[in-house]
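*Asks:*
Chains as they are written, first to last, in my numbering: chain A, 6 to 117; chain B, 300 to 414.
(1) Which runs of the beta strand (DSSP E) at least 3 residues long sit entirely within the stretch 339 to 395 of chain B? Give them in chain order.
(2) What residue from B:385, B:393 and B:412 has the CA that sits closest to residue 345 of chain B's CA?
(3) Rank A:49, A:111 and A:115 by C-alpha distance to the C-alpha of residue 338 of chain B and give the top, closest one.
(4) Return the residue from the list B:313, B:311 and B:352 that minimises the CA-CA distance to residue 394 of chain B.
(5) Skipping 5 residues on each side, what residues in its chain have a beta carbon closer than 6 angstroms to that of residue 38 of chain A?
(6) Can you check whether the C-beta of residue 81 of chain A is within less than 9 angstroms of a C-beta belonging to chain B?
(7) Taking only beta-carbon positions, decide if residue 312 of chain B is within less than 9 angstroms of chain A.
(8) For residue 76 of chain A, which of A:23, A:24, A:21 and A:35 has the nearest alpha-carbon?
(9) Can a CB atom of chain B be found closer than 9 angstroms to the CB of residue 105 of chain A?
(10) Quick check on residue 90 of chain A: does DSSP put it in helix, strand or coil?
(11) Return the chain-ordered list of same chain residues with a C-beta closer than 6 angstroms to the C-beta of residue 333 of chain B, the five sequence neighbours on each side being excluded.
(12) For residue 358 of chain B, which residues of its own chain have a beta-carbon under 6 angstroms away from its beta-carbon, when the five flanking residues on both sides are left out?
(13) Does the CB of residue 355 of chain B have a neighbour CB from chain A at under 9 angstroms?
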């Protein structure tokens with residue numbers, strides 16, 4: 006039972022490089038989310054999706070783009086990485102009815 | 300503007316005693332509250348939730364209390380066990396106006412249970 010899987014788990018980038026984080030869930034969940042966790046800041050919502058083909062901005066969307074082409078996948082892209090994007094990124098999903106989020110294990114990104 | 304605040308970055312409790320973690324919120328539209336637990340190098344996992352129509356919800360050793368007038372909730376763990384050592388996040392959503400689409404998280408409190 007995989008649940009929510011994030012790849013890669015670790016990545017080091019140079020300023021200006023681009024990359025994509027992949028989130029995959031096998032629970033047929035409608036809602037998917039990308040959060041970032043920084044010391045003293047808790048979990049902050051970057052972007053989210055309420056269904057296949059939809060995306061919406063969260064609290065800190067600048068510098069990120071997302072796509073939800075398939076229901077089970079939610080991609081987070083950094084077009085031009087900046088040191089301020091050094092963080093741990095968490096993907097989460099849930100069913101359509103109000104309920105708890107299921108999180109992946111996280112992806113640690115370092116931008117030099 | 301931090302809508303959900305956990306003002307204690309850390310808490311240390313002796314094994315067997317009660318752990319009380321606190322959370323305050325500012326948005327009066329929040330009507331559903333959750334607690335998550337996070338171990339190092341893992342994603343957060345759901346612990347317990349409470350709707351604004353209740354003031355208490357209990358699940359085993361974990362109880363969440365909600366004081367709507369004070370915009371305050373707390374998580375009680377009794378008795379505390381070494382495996383409870385983790386970071387605890389409080390989260391809130393506004394189901395009536397947003398359909399619980401988004402959860403807003405606090406900064407987290409690191410709980411350490413000492414043997």
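Note that CB positions come from ideal geometry on N, CA and C, so glycine has one too.
*Replies:* The answer reads as follows:
(1) Runs of the beta strand (DSSP E) inside the stretch 339 to 395 of chain B: 344 to 350, 355 to 358, 361 to 366, 371 to 376 and 385 to 392.
(2) Within the second chain, numbered from 1, the residue matching residue 345 of chain B stands at position 46. For residue 345 of chain B, the nearest C-alpha among the options comes from B:385.
(3) Counting from 1 along the second chain, the entry for residue 338 of chain B is found at position 39. For residue 338 of chain B, the closest C-alpha among the options A:49, A:111 and A:115 is that of A:111.
(4) For the purposes of this step, residue 394 of chain B is taken as residue 95 along the second chain, with counting starting at 1. For residue 394 of chain B, the nearest C-alpha among the options comes from B:352.
(5) Mapped onto the first chain, residue 38 of chain A falls at position 33. Correct list, in chain order: 53 and 97.
(6) Taking the first residue of the first chain as 1, we reach residue 81 of chain A at position 76. Using beta-carbon distances, residue 81 of chain A does not count as an interface residue toward chain B, since no partner is under 9 angstroms.
(7) Residue 312 of chain B sits at position 13 when you count from the first residue of the second chain. For residue 312 of chain B, the answer is no, since every Cβ of chain A falls outside 9 angstroms of its Cβ.
(8) Against the first chain, residue 76 of chain A aligns to sequence position 71. Nearest of A:23, A:24, A:21 and A:35 to residue 76 of chain A, Cα basis: A:35.
(9) On the first chain, residue 105 of chain A is found 100 positions in, with the first residue counted as 1. True, the Cβ-Cβ gap to chain B drops below 9 angstroms.
(10) Start at 1 with the first residue of the first chain, and residue 90 of chain A comes out as number 85. Helix at residue 90 of chain A.
(11) Taking the second chain and counting its residues from 1, the one referred to as residue 333 of chain B is at position 34. Same-chain partners within the cutoff: 348 and 390.
(12) Translated into positions along the second chain, residue 358 of chain B becomes position 59. Closer than 6 angstroms at Cβ, skipping near neighbours: 347.
(13) Residue mapping note: residue 355 of chain B aligns to position 56 of the second chain, counting from 1. False, the Cβ-Cβ gap to chain A never drops below 9 angstroms.
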